[in-house]
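Student: Just passing along the structure, written as structure tokens.
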Amino acid sequence: MHPSHPRGANSLVSILQDARPLRMRRIAWAKGIALMLSLAAAQSFAQTATTSGTPDTPAAASGPMTTGNTSGDVYDLLIGTYTGGGKSEGIYVYRFDTGSGELSRIASAQTVNPSYLVVSRDRNYVYAVNELPGDNGPATQRGGVSAFRFDRASGQLSFLNRVSSEGNDPCYLAISPDGKYLLTANYSVASNPGGSFAVFPLSSDGHIGGSVLTVHHEGGGPVKGRQDNSHVHSTVFSPDGKYLFAQDLGVDKVFAYRYTPDPAASSRGLFGPTEARYTSIKPGSGPRHLIFDASGKHAYLTTELNASVFVFDYRDGNLTQAQVASMIAPGFRGKIGGGAIHLSPDGRFLYATNRGDANEIVQFSVDPANGHLKYVKRYPTLGKTPREFAIDPTGRWLIVGNQESDSAYFFRRDPQTGELASDPKRLSIGSPVDFKFVSPS
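The sequence shown lines up with residues -46 to -1, 1 to 395 when you count with mature numbering (1 follows the signal peptide of the UniProt record, and there is no 0).
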């Protein structure tokens, strides 16, 4: 849902400082089997949900679904969706038992295109992008960022406020390590071609303030129609909290900024370019999402346009490329699209999605000595466009959403081998995109 814009002039990064500092719903679990087979032996469980309110107000749902008797750790699972076409209301909250696989929808909140979510560290607030204009909206329409209070006991979401994202098609959110600021990556900016990221102050009661800083990138890449200008796809803080990395799909660069929580103490301001300024990625790769391992010594980057995982050694704001691992199966000739990337809770395995015609999750093992990757296995997601996925905190389940198939699959995962079971359970849900686990206790 990211439109293309005319190519911008090739120049250095410019920093612009803002002077203003359910209805009735049925959950269907189905066993997914081989690609050449249809889904069979489906088990359906009815669930009643009541919906009320207007856009950006909470709508409740209730009713458990039982799939087994073995109890495990219980988490709330928040799912962000696309709401175009009336298939989805916005954000959904499910209670999920990691032992039995029991799932029950407990709440929802109406908001437009909440395609990416982030939860505050105290778990009291949830923030969502409002990805606008999307494919069908006017190019002048700005996206938004919405705040919700989250009641962990009941799972209910209560709308707090919404602000402009100061760009088009916001697609990622990050909270600064000190909890003071919320950042969003704007994939595009219609009136000033090129992507950006914007910085918003967070109040103690969870509300979002107006943007205090917008950073624009300029330039382009060799892939016509996808790299005609800048497209910021994610903003990720380093493990030490001192740096921010902005992945720009359009210009094949990972930009690095020093984070100074007290701008008054530095002439560089809240975010200032590091001495290196950026790490260049192979032209035509399209950097998308970046993650760090628990040691803080290695980073992993998915590239959308050539479906690869780049491995970096990390130290004090600098990324040094160490390896490139392709996600593409030998001999594959269809469309590709590298997407989400996550490590298992124990850090022993890394998973990434490949969309396009591949529609699969690719598993790698991680060498504990140097962070390098080794291909293990690939798994069909049993649907189209697996944009995001999540591994539950116990490491027993991997949940992936097929955006264009209105389905999410719950794969039971072997924590020892990292392999995913061949009989995942299916959840019918409109245009699922993002998944976040929250402990209700």
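All C-beta atoms, glycine included, are put in the ideal place defined by N, C-alpha and C.
Would you mind listing the beta strand (DSSP E) stretches within the region 207 to 286 that are 3+ residues and don't spill past its ends, in chain order?
Tutor: Listed in chain order, they are 207 to 213, 225 to 234, 241 to 246, 252 to 257, 262 to 269 and 272 to 280.
Student: Is it right to say P176 is buried, meaning 16 or more other beta carbons lie within 10 angstroms of its own, or is it exposed?
Tutor: exposed
Student: Kindly indicate which residue of F102, S74 and G174 has the alpha-carbon position closest to the one of S130.
Tutor: S74
Student: If you draw a straight line from the C-alpha of T21 to the C-alpha of W351, how long is it?
Tutor: Low per-residue confidence applies at T21: pLDDT is 41, beneath 50, and the placement is therefore not dependable, though the value from the model is reported in the following sentence. Each residue's alpha carbon lies about 14 Å from the other.
Student: Which partner residues of A152 appear in the DSSP bridge assignment?
Tutor: Here A152 is bridged, per DSSP, to T138 and T168.
Student: Applying the 10 Å Cβ sphere with the 16-neighbour rule, what's the burial state of K289?
Tutor: exposed
Student: Do Q201 and P227 have their CB atoms nearer than 8 Å?
Tutor: no
Student: Short of 8 Å in beta carbon distance, which residues of its chain neighbour G238, apart from the five on each side in sequence? Order them along the chain.
Tutor: G175, P176, V177, Q181, D206, L259 and N260
Student: When you compare each of P92, G349 and E342 to S69 by their alpha carbons, which one comes out closest?
Tutor: Of the candidates P92, G349 and E342, the one whose C-alpha sits nearest the C-alpha of S69 is E342.
Student: Determine, using beta carbons only, whether S112 and V99 come nearer to each other than 8 Å.
Tutor: no
Student: In its own chain, which residues sit with a C-beta less than 8 Å from the C-beta of D300, not counting the 5 before and 5 after it?
Tutor: G349 and P369
Student: Quick one: what does DSSP say G372 is sitting in, helix, strand or coil?
Tutor: coil
Student: Just verifying my parser: in three-state terms, what is the DSSP assignment at G355?
Tutor: DSSP places G355 in strand when its eight states are reduced to three.
Student: Indicate whether the contact test is met: 3 or more Cβ pairs, each with one atom in the region 124 to 138 and one in the region 71 to 87, closer than 8 Å.
Tutor: Contact holds between the region 124 to 138 and the region 71 to 87, because three or more Cβ pairs, one in each stretch, are under 8 Å apart.
Student: Can you tell me where the beta strand (DSSP E) with L336 in it begins and where it stops?
Tutor: Run containing L336: none; DSSP gives neither H nor E here.
Student: Sort G195, T233 and T335 by Cα distance to L203 and report the nearest one.
Tutor: T233
Student: Could you check the C-alpha separation between T274 and G40 for me, to the nearest Å?
Tutor: 45 Å
Student: Which residue wins for smallest C-alpha separation from I353, given the options N324, S319 and S298?
Tutor: S298
Student: Quick one: is T94 buried, meaning 16 or more other Cβ sit within 10 Å of its Cβ, or exposed?
Tutor: exposed
Student: Which whole-angstrom value is the C-beta distance of F391 and L156, which I expect to be below 8 Å?
Tutor: About 21 Å; that fails the 8 Å criterion.
Student: Helix, strand or coil: how does DSSP classify G292 here?
Tutor: The answer is strand: DSSP assigns G292 an E or B state.
Student: In the DSSP assignment, find the unbroken beta strand (DSSP E) run with T307 in it and report its ends.
Tutor: F303 to N308
Student: Under the DSSP definition of a beta bridge, which residues are partnered with G98?
Tutor: Answer is N84 and S118.
Student: Mind reading off the beta-carbon distance from G97 to V83? Whole number of angstroms is fine, and I expect it under 8 Å.
Tutor: 7 Å
Student: Quickly, what does DSSP pair D27 with across the bridge? List them, please.
Tutor: Beta-bridge pairing links D27 to no other residue.
Student: For E314, does the count of other Cβ atoms within 10 angstroms reach 16, so buried, or fall short, so exposed?
Tutor: buried
Student: Identify every residue that forms a DSSP beta bridge with K379.
Tutor: F364
Student: Just the C-alpha distance for S395 and V278, rounded to the nearest angstrom, thanks.
Tutor: Spanning the two alpha carbons is a distance of roughly 40 Å.
Student: Quick one, which of G291, D194 and R366 has its alpha-carbon nearest N272's?
Tutor: D194
Student: Quick check on G160: does DSSP put it in helix, strand or coil?
Tutor: coil
Student: Quick check on DSSP: helix, strand or coil for G40?
Tutor: helix
Student: Does DSSP put Q201 in a helix, a strand or coil?
Tutor: Q201 sits in a strand when the DSSP states are folded into three classes.
Student: Just the C-alpha distance for V375 and P215, rounded to the nearest angstrom, thanks.
Tutor: At residue 375 the sequence reads Ala, which differs from the Val that was named. Roughly 45 Å separates the two Cα atoms.
Student: Ignore the nearest five residues each way along the sequence and tell me which others in Y141's own chain have a CB closer than 6 Å to its CB.
Tutor: H(-45), D123, C125, G149 and H185
Student: Here's the rule I'm using: 16 or more other beta-carbon atoms within 10 Å means buried, otherwise exposed. How should P322 be labelled?
Tutor: exposed
Student: Measuring CB to CB, does F264 end up less than 8 Å from I33?
Tutor: no
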